[in-house]
Amino acid sequence: MIDFTPIHRRQMRLREFVEARHITQADLIQATNEMIDSMLTLVADVADADVIFVPEDADAYDPYANNPEETRIGWTLGHIIAHATASSEECCAHAATLARGAKVCGRNRYEVPWQEIRTRQDLHQRLEESRRIRLAYLQAWPAAPHLENTYTPYKSPQNCIMRVLAGLIHDDSHLDQIRDVIRQARAHRA
């Protein structure tokens, strides 16, 4: 997998990271598969009870929660997977638009309701569905993507390659959270 440590540690900006590694569309396809495979490996042996287990998380804060009671609760595995996959799918949709030379006109994010992800099979299904969606967007690029075309979701412009990487970096930032929830759930069951 791509090592995003320099990004997480703020040692490199996304643009510098991309330029230093000469990342291509083929690299993004491989990295997408590796990320989904990593997540699937993490959740491969969880029990269904682990999927809906609400962990302790002193830093929990979700300003977009559907109701006030959910604002400060720890995220279940279903919640993490629903959130991470929705973000990466949005980034891949933006990237396909940018690669084709068109303008991104804001957010186009849909998140599967996390409350509906209740079993290990649900986790696997959501991850495989996300793989299919992301790869479809990556396959929608023209032979010569418009790398000069950018969208600025935050403070600096991102082209199609950077948008996909932004989603993967976001996925990567949740891997330790997934591990921690699994650890807590198993300890609770024991």
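Residue numbers for the sequence shown follow this note's numbering, beginning at 3 and rising by one. Backbone N, C-alpha and C fix where the C-beta goes; we use that ideal spot for every residue, glycine too. As the structure is a prediction and not an experimental result, all values here were calculated from the model.
Judged by beta-carbon spacing, residue 95 lies beyond the 9 Å limit of residue 147, meaning their Cβ atoms are not closer than that value. Secondary structure at residue 139: helix, using DSSP grouped into helix, strand and coil. The Cβ-Cβ distance between residue 4 and residue 49 does not fall below 9 Å. Within the segment 3-35, complete beta strand (DSSP E) segments of at least 3 residues are not found at all.
Cβ atoms of residue 112 and residue 88 come within 8 Å of each other, at about 6 Å. At a Cβ-Cβ threshold of 9 Å, residue 183 and residue 126 do not count as neighbours. Contact between the segment 50-69 and the segment 148-159 is absent, with fewer than three C-beta pairs closer than 8 Å.
By the neighbour-count criterion, in which 16 or more other beta carbons inside 10 Å mark a residue as buried, residue 61 falls on the exposed side. Sequence-distant partners of residue 19 (beyond 5 residues in either direction) whose C-beta falls short of 7 Å from its own C-beta, in its chain, are 8, 9. Counting C-beta atoms within 10 angstroms of its own C-beta, residue 99 has 16 or more neighbours from the protein chains shown and is therefore classed as buried.
In the DSSP secondary-structure assignment, residue 153 is bridged to 160. In this chain, the alpha helix (DSSP H) harbouring residue 52 covers 50-53.
Annotation: the continuous alpha helix (DSSP H) that includes residue 186 extends over 177-191.
Proximity to residue 82 across 157, 166, 97, 114 peaks at 114, based on C-alpha coordinates.
Taken through DSSP and simplified to helix, strand or coil, residue 93 comes out as helix. Taking 9 Å as the cut-off, the beta carbon of residue 169 is found closer than this to the beta carbon of residue 90.
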